Amino acid sequence: MDKRKVVICKDLKVELEAYLKALKFDKVFILTDENTLKDCYPVLKEISLLSSAPVFTVGAGDTHKNIDEVSRLWTCLCESGASRNSLLINLGGGMITDMGGFVGATFKRGIQTINIPTTLMASVDAAVGGKTGINFNGLKNEIGSFYPPLCVFIYNKFLRTLDHANILSGYAEMIKHALISSKEVYADVFSFEPDSGDLNQLDTLVAQSVAIKERIVEEDPKERGIRKALNLGHTIGHAYESLSFKKNSPLLHGHAVAAGLIGELYLSHKACGFPMSELSQIVYYIKTYYPPFIHDCDDYESLYELMTHDKKNEGGVINFTLLSAIGEVQINQSVDKQQILGALDFYRESFGI
Ligand code: GLY
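In this text, residue positions in the sequence shown follow this note's numbering: the first is 151, and each later residue adds one.
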């Protein structure tokens, strides 16, 4: 059997069918959200081994990534006779691959999972690398586990159905991968114009981006060290995202990360000497394509409080992943509260809000 963990496929039906034929499992189940049930599941249904597999469906959107839905899915698996030798196929965006991964990791202490990401965000990030989890207590991905899927099938045709906002959301993680990687990758990624709709160029960049993530995860699967590089933009980004949920105007994850990148590259400049010229270029790019996250300084205490829950923190200190240059990652950087508030100001000033 093909041992590759991530397969970028030209024909999902043919390649998944061949993979499943070589795999041992007693029953197979498919998890979708209401959109992927309509738009993507028909491709799976054509595979004979999957044509009568039970399908569990949850509502679309990150607010469904919660313990009540997990409990409902455990019940569905129990009632459908799933065993430890069963297989769960997660067909969807990051919400589905995160939550389905967690259900798979915990049901009977772990069943086999396969991820089939259907968004750019999930293809380049969420579905790859084995992080699973759900939101809890108003905090992003607070409960979860490291539980790698058997395989990830990326099928670019699914990306053709995405709207512009979702392309931009995934693209933010590609920008992050470029920044932690090298000037060459950075140049490639920043040459892409999200408004151009050149999805062939995007396909090449997706493969490059996934390879960057896979390399890092292979070196540090449980995030003891260098995997923290993948959190660039996420300490502030997750705080913006959680606050946007509280304000009932939810940001897409990647839009929050793009906003977080601005603040964290500002901190990189202040604390690690990241060049101002590159900071200005990145701010300009993000401002050109991403909508602003509207908030004001009365939100700063809530944002700071949210950052105190970041999973990278140690001993009550907020730890950031910063850069001293493109491709030069500095993990475990503690920054004082005044500097963090300065980064929040910098974001608002950059967008003129
Ligand atoms: N999304 C960051 C990671 O997988 O480590």
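From the three backbone atoms N, C-alpha and C, an ideal C-beta is built for every residue, glycine too.
Quick caveat: nothing in here was measured; it's all calculated off a predicted structure.
(request) Below 8 Å on the Cβ atoms is my guess for leucine 241 versus threonine 269; work out the distance and round it to an integer in Å. (result) Actually they do not touch by this definition, with Cβ atoms about 11 Å apart.
(message) For isoleucine 436, report the span of its beta strand (DSSP E) as first-last.
(response) For isoleucine 436, there is no enclosing beta strand (DSSP E); the enclosing alpha helix (DSSP H) has its first and last residue at 426 to 439.
(message) Pull the bridge partners of aspartate 183 from the DSSP assignment, please.
(response) Paired residues: Val208.
(request) With a 10 Å radius around its C-beta and 16 neighbouring C-beta atoms as the bar for buried, classify aspartate 486 as buried or exposed. (result) The Cβ neighbour count for aspartate 486, taken over all protein chains shown within 10 Å, is under 16; the residue is labelled exposed.
(message) Going by beta-carbon coordinates alone, are leucine 382 and isoleucine 436 separated by less than 8 Å?
(response) Cβ atoms of leucine 382 and isoleucine 436: not closer than 8 Å.
(message) By the three-class DSSP mapping on this structure, what secondary structure does threonine 269 have?
(response) Here threonine 269 sits in coil by DSSP.
(request) Can you tell me which of the three DSSP states phenylalanine 496 falls into? (result) Helix at phenylalanine 496.
(request) Take cysteine 159 as the anchor and find which of Phe303, Trp224, Asp460 has the nearest alpha-carbon. (result) The candidate whose alpha carbon is nearest that of cysteine 159 is Phe303.
(message) What does the Cβ neighbour count give for cysteine 190, buried or exposed, with the cut at 16 atoms within 10 Å?
(response) Buried is the call here.
(message) For the region 465 to 480 against the region 411 to 426, do three or more pairs of beta-carbon atoms, one drawn from each stretch, fall closer than 8 Å, so that the two count as touching?
(response) The region 465 to 480, when compared against the region 411 to 426, does touch it at the 8 Å Cβ threshold.
(request) Mind checking which residues open and close the beta strand (DSSP E) that includes tyrosine 454? (result) Premise fails: tyrosine 454 lies in the alpha helix (DSSP H), 450 to 457, not in any beta strand (DSSP E).
(message) Can you tell me where the alpha helix (DSSP H) holding lysine 155 begins and where it ends?
(response) Where lysine 155 is concerned, there is no enclosing alpha helix (DSSP H), given that its DSSP letter is neither H nor E.
(message) For serine 418, report the span of its alpha helix (DSSP H) as first-last.
(response) Segment 403 to 422, the alpha helix (DSSP H) holding serine 418.
(request) Pick helix, strand or coil for cysteine 301, following the three-state DSSP scheme. (result) Under the three-state reduction of DSSP, cysteine 301 is assigned to strand.
(request) Give me whichever residues DSSP pairs with valine 178 in a beta bridge. (result) Residue pairing for valine 178: DSSP places it in a beta bridge opposite Leu237.
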